[in-house]
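Novice: The structure under discussion is supplied below as structure tokens; questions concerning it will follow.
Residue numbers (the working numbering), protein chains in the order written: chain A, 739 to 914; chain B, 9 to 410.
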């Protein structure tokens, strides 16, 4: 299942969806364009060749360096990365799916970037997407109930962003 | 109220109506596990909707992980599932070792199996005792804690702590076992084995317990997989999956050569139910009773694994090996690893960038996904069944909120 043959299958199923792969990494991964996330996930879930019937984890990684000296040497442009960890209970194999998003929608700080929700495919995505929205600030379009889950509902900002600053006070409680 | 009813009280007596009501359960309800708040939409005794509110124990563990070295994060993993700290330590250590391509010594490997399985027994004992509390019986809790205390004593001797151990660490373990420890561990096992029959008499075959759990909160295998459930919740629905057997090589290699059977129902029987009570007629696969019973079987399974580990560990001659330095640099790259913790599959995702501090730390909690299925299970059940269902999921809020 793993390896180039699988990537070819995926490319044939969703033309133009795959933009990069790394099959030599410790956990081999496939990178797709954000617009194709829903189609790719639907295919991965439904297709009998793959049958990834379980979504284990969604992670958002903020690739941002506030120190300009370090940022020049970092080797990447600031962006947000979503990592999906899938698992097939029948074949007992895992798959890592990545997609790159801009840090903010239309470059306006505070406006979360958007990507299609996969909660309709795997119900486990419901809470995981809420958590990613809450802590990392990604708006999942089509999510049934996108609210904060761990932080209070009136919390401001997205704590797992690298440039996040703790509020000075929250309801009379000192923050920093 | 219409004019007619107000005027004639007899009509009210014949037509007792129930209104839809929102009932708040928690966040400090003693029979919910930790600080969990449930909002129930009820009509009389029947629950139509449950909404869990979580986050009361959120301590930003993932953010903290970005600001300290990989080994310094070990104590924070203790505080995730604080009832199975050893297993949490192990999950994080293996994830970091996977990124560093590090292999622990044979002696450390067997000691890890020993400790992790003892931790599993301790966690399942709390799960069992607290489940009794949820259902209104106090005695099983005392029985369970009597034995758990002995395991904690063993842990205290080995590493000095009783709850937050930080014993298993990146590259091995912080210390070797003190002299005579293995003998005391074996004595505990011999003492503990016959006691399991008491637990079965107290709960498993108890008529009230069976009535309260059999056929309640039935979780279909498809739904369990779709919701990302794992551990005893998944196996209680009849899905044959255990990361100790099906996981990634770095984790399964730890159990190489160990004989154990995954506790899941096959062809209508459990692998080890010969010596234990038969499945009651009221119980349906995937209900609260089965989730509970899988845990009980895993206690026996862990005992057998511990016995094997004691033999192998004492046969090892080499040294235990040294853990990595506190500020050891971790290579660039990202890894994800799931281990079979008592509550389910605990996943750690870690991105390194060549410095001691990880760029990103992510903890995928098993209880988080196990709890997310609760609204489905509680649809149409009675209010009194809600604690029975929550208890059968055996959640720990520290792990859900992180």
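A virtual CB, placed ideally from N, CA and C, is assigned to each residue, including glycine.
Are residue 879 of chain A and residue 833 of chain A closer than 9 Å when you measure CB to CB?
Specialist: Within the first chain, residue 879 of chain A is the residue found at index 141, counting from 1. Within the first chain, residue 833 of chain A is the residue found at index 95, counting from 1. No.
Novice: Reducing DSSP to helix, strand and coil, say where residue 314 of chain B ends up.
Specialist: In the second chain, residue 314 of chain B corresponds to position 306, counting from 1. Helix.
Novice: Is any beta-carbon of chain B found at less than 9 Å from that of residue 915 of chain A?
Specialist: Residue 915 of chain A is absent from the model: chain A starts at 739 and stops at 914.
Novice: Quick one: give me the first and last residue of the alpha helix (DSSP H) that residue 100 of chain B is part of.
Specialist: Residue numbering aside, residue 100 of chain B sits at position 92 when the second chain is read from its first letter. Residue 100 of chain B -> alpha helix (DSSP H) spans 93-108.
Novice: Which residues in the same chain as residue 385 of chain B place their Cβ atom closer than 7 Å to its Cβ, once the five residues preceding and following it in sequence are excluded?
Specialist: Here residue 385 of chain B refers to the residue found at position 377 of the second chain. The residues are 225, 227 and 397.
Novice: Three-state secondary structure (DSSP) at residue 329 of chain B?
Specialist: In the second chain, counting from the first residue as 1, residue 329 of chain B sits at position 321. Coil, per DSSP.
Novice: Within the continuous beta strand (DSSP E) that includes residue 61 of chain B, where are the two ends?
Specialist: By 1-based counting over the second chain, the position of residue 61 of chain B is 53. Unbroken beta strand (DSSP E) run through residue 61 of chain B: 54-61.
Novice: Using a C-beta to C-beta distance shorter than 8 Å, which residues of chain A count as neighbours of residue 66 of chain B?
Specialist: Translated into positions along the second chain, residue 66 of chain B becomes position 58. Within chain A, the residues near residue 66 of chain B are 888 and 889.
Novice: If contact means a Cβ-Cβ distance below 7 Å, which residues of the region 789-807 of chain A contact chain B?
Specialist: Answer in chain order: 791, 792, 793, 794, 795, 797 and 799.
Novice: What's the call for residue 205 of chain B, buried or exposed, on a 16-neighbour Cβ count within 10 Å?
Specialist: Residue mapping note: residue 205 of chain B aligns to position 197 of the second chain, counting from 1. The residue in question, residue 205 of chain B, is exposed, as its Cβ has fewer than 16 Cβ neighbours within 10 Å.
Novice: Can you check which of these residues, A:885, A:766, A:741 and A:902, is closest to residue 870 of chain A by C-alpha distance?
Specialist: Residue 870 of chain A sits at position 132 when you count from the first residue of the first chain. Ranking the options by Cα distance to residue 870 of chain A, first place goes to A:885.
Novice: Out of B:169, B:79, B:130 and B:302, state which residue places its alpha-carbon closest to the alpha-carbon of residue 338 of chain B.
Specialist: Within the second chain, the letter at position 330 stands for residue 338 of chain B. Closest option to residue 338 of chain B, Cα to Cα, is B:79.
Novice: Name the two residues that bound the continuous alpha helix (DSSP H) containing residue 211 of chain B.
Specialist: On the second chain, position 203 is the one that residue 211 of chain B refers to. Run containing residue 211 of chain B: none; DSSP gives neither H nor E here.
Novice: Kindly indicate which residue of B:111, B:62 and B:170 has the alpha-carbon position closest to the one of residue 87 of chain B.
Specialist: The residue given as residue 87 of chain B occupies position 79 in the second chain. Nearest of B:111, B:62 and B:170 to residue 87 of chain B, Cα basis: B:170.
Novice: For chain A, is any of its Cβ atoms less than 9 Å away from the one on residue 80 of chain B?
Specialist: Numbered from its first residue, the second chain carries residue 80 of chain B at position 72. Chain A contact via Cβ: absent.
Novice: Mind listing the chain A neighbours of residue 346 of chain B? Cutoff is C-beta to C-beta under 9 Å, in chain order.
Specialist: Walking along the second chain from the start, residue 346 of chain B turns up at place 338. By Cβ distance, chain A contributes 794, 795, 823, 825 and 832.
Novice: So is residue 919 of chain A in contact with chain B if we call contact Cβ pairs under 9 Å?
Specialist: Coverage of chain A is limited to positions 739 through 914, which leaves residue 919 of chain A absent and any answer about it impossible.
Novice: From residue 149 of chain B to residue 350 of chain B, what does the alpha carbon distance come to, in whole angstroms?
Specialist: Translated into positions along the second chain, residue 149 of chain B becomes position 141. Translated into positions along the second chain, residue 350 of chain B becomes position 342. Between residue 149 of chain B and residue 350 of chain B, the C-alpha separation is close to 18 Å.
Novice: Listing by chain order, which chain A residues have their CB less than 8 Å from the CB of residue 234 of chain B?
Specialist: Within the second chain, the letter at position 226 stands for residue 234 of chain B. The contacting residues are 791, 792, 860, 861 and 862.
Novice: Among the candidates B:31, B:408, B:77 and B:69, whose CA atom is the shortest distance from the CA of residue 57 of chain B?
Specialist: For this step, residue 57 of chain B is matched to residue 49 along the second chain. Here the closest residue by C-alpha is B:31.
Novice: Helix, strand or coil: how does DSSP classify residue 264 of chain B here?
Specialist: By one-based count along the second chain, residue 264 of chain B stands at place 256. Reduced to three states, the DSSP call for residue 264 of chain B is coil.
Novice: Where does residue 393 of chain B land, buried or exposed, given buried means 16+ other C-beta within 10 angstroms?
Specialist: As a position in the second chain, residue 393 of chain B is number 385, starting the count at 1. Classification for residue 393 of chain B: buried.
Novice: Quick one: which chain A residues come within Cβ less than 7 Å of residue 63 of chain B?
Specialist: Taking the first residue of the second chain as position 1, residue 63 of chain B is located at position 55. Here the neighbours are 887, 888 and 889.
Novice: For residue 409 of chain B, is the classification buried or exposed, using 16 other Cβ atoms within 10 angstroms of its Cβ as the cut-off for buried?
Specialist: To locate residue 409 of chain B, count along the second chain from 1; it is residue 401. With 16 or more other Cβ atoms within 10 Å, it is buried.
Novice: Sort B:388, B:367, B:178 and B:368 by Cα distance to residue 100 of chain B and report the nearest one.
Specialist: Your numbering for residue 100 of chain B matches position 92 in the second chain. It is B:178 whose Cα lies nearest to the Cα of residue 100 of chain B.
Novice: Determine whether the beta carbon atoms of residue 266 of chain B and residue 313 of chain B lie at a separation below 9 Å.
Specialist: What you label residue 266 of chain B is simply residue 258 of the second chain in a count that begins at 1. What you label residue 313 of chain B is simply residue 305 of the second chain in a count that begins at 1. Yes. Within cutoff.
Novice: Among the residues of its own chain, which have a CB less than 8 Å from the CB of residue 294 of chain B, if the five just before and after it don't count?
Specialist: In the second chain, the residue the question calls residue 294 of chain B occupies position 286. Closer than 8 Å at the Cβ level, and outside the excluded window around residue 294 of chain B, lie 226, 227, 228, 229, 232, 244, 245 and 246.
Novice: Going by the CB atoms, is the gap between residue 109 of chain B and residue 764 of chain A shorter than 9 Å?
Specialist: On the first chain, position 26 is the one that residue 764 of chain A refers to. On the second chain, position 101 is the one that residue 109 of chain B refers to. Yes.
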